[in-house]
Amino acid sequence: MNLDVEYADYLRDESRKTGNADSISFPIDEDEVAADLIEKSRRKIPVTIQGARTGITAGAVPDGGHIMNMSRMKKILEVKEKNEQMLIVLQPGVLLSELRDFLGDSGLSKKCETKGSELLNKDKAFFFPPDPTETSASLGGMVACNASGAMSFFYGPT
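Its first residue numbered 1, the sequence shown is counted upward by one per residue in the numbering used here.
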């Protein structure tokens, strides 16, 4: 596989630094992530985990080894309430814009297929306070680099 040609976009992020890698995978669930990491660890192959590659610090740029890109892990798995707080369990490839849509009126169709979504009733407004500059950022990437934005001064970090 020639990553330089077929997957050139995955060798860089918004920093515009370009790296190199020998292989790439796009897992769709935790089992695939675990199996891939076990195999790469056994073979002593370094792994670069990628979200949406919107960061500007080159954190998603590989320096050899394997790229594990989380962009296909896009499911919102569950909504639950704990200690009077609403929690959403999701995969790391969900984009900030997709979560905001899910919490707003435009996410009604996705709510129907998500466990516990009835907790998000129409009488209350819900929002996710972190506001990094890119709504195309993935939630996994936001957590990885603590991308919170200005609202973190009031609500706290990602």
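Cβ atoms here follow ideal geometry from the backbone N, Cα and C, with glycine treated the same way.
| query | result |
| --- | --- |
| At what residues does the alpha helix (DSSP H) containing Met142 begin and finish? | Leu139 to Cys145 |
| Assuming Ile56 and Ser15 form a contact by the criterion Cβ under 8 angstroms, report the distance between their Cβ atoms to the nearest whole angstrom. | 5 angstroms |
| Taking 9 angstroms as the cut-off, decide whether the C-beta atoms of Ile67 and Leu139 are in contact. | no |
| Quick one: what does DSSP say Glu81 is sitting in, helix, strand or coil? | strand |
| Quick check: the Cα distance between Lys44 and Val89, rounded to an integer number of angstroms? | 31 angstroms |
| Based on the DSSP output, what are the partners of Leu90 in its beta bridges? | Ile76 |
| So, under 8 angstroms CB-CB, Gly141 and Thr54 are touching, yes? Tell me the CB distance rounded to an integer number of Å. | 7 angstroms |
| Rounded to whole angstroms, what is the Cα-Cα separation between Ser71 and Asp29? | 11 angstroms |
| Identify which residue in Gly93, Glu78 and Pro92 has its Cα closest to the Cα of Met86. | Glu78 |
| Please state the DSSP three-state secondary structure of Ile24. | strand |
| Could you say which of Asp101, Glu134 and Thr135 lies nearest to Leu120 if we only look at CA atoms? | Asp101 |
| So the candidates are Lys17, Asp13 and Ser23; which of them puts its Cα closest to the Cα of Gly6? | Here residue 6 is Glu; the residue named in the question, Gly, does not match the sequence. Residue Ser23 is the option with its Cα nearest to Glu6. |
| Could you tell me which residues DSSP puts in a beta bridge with Val47? | His66 |
| Could you check which residue in Arg42, Glu81, Asp13 and Met73 has the C-alpha nearest to that of Val33? | Met73 |
| Taking the beta carbon of Ala147 as the centre, do at least 16 other beta carbons fall within 10 Å, making it buried, or is it exposed? | buried |
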